[in-house]
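For the sequence shown, position 82 matches number 72 in the numbering used here, and the numbering has no gaps at all. Backbone N, C-alpha and C fix where the C-beta goes; we use that ideal spot for every residue, glycine too. Take a look at the structure set out below.
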Amino acid sequence: MGAFLGFKEFQNSIQPVWFAESFPTEARYTGSALSYSGANVLTGGPMPIVAVALLNAFHGSPWAIVAVCGSLNLLSFLMIATSRETRNTALECSTPH
């Protein structure tokens, strides 16, 4: 449990920075909020129902749930791996203040 919590906090410390760098300044808050909240709504909301349906369909075997969660993790990794690198890129605002 301690290892899980440690990895979860590691992810939570990097995620806001990654979201901030992924969007232009004008859309940074909206883009990061929609990305984070949208993912939670699409996966977190129906996931208990999906998990129960998979348990029933596979006669109590948890491996279908493991496969779904693993697939979502793989999809997340692929999206992060193909995102653009922003190091040494100026994060400028296109509208003057």
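How many angstroms separate the CA atom of Ile70 from the CA atom of Ala47? 32 Å
Touching by the beta-carbon criterion (3+ pairs, under 8 Å), the stretch 44 to 64 and the stretch -4 to 7: no
Please name the residue, chosen from Asn2, Thr15, Phe9, Ile4, that lies closest to Ala80 on a Cα-to-Cα basis. Thr15
Are Gly21 and Ser27 close, meaning C-beta to C-beta below 8 Å? no
Pick from Val31, Val56, Asn30: whose alpha carbon is nearest that of Ala41? Val56
Close Cβ partners of His49 (< 8 Å) along its chain, the five nearest in sequence each way excluded: none
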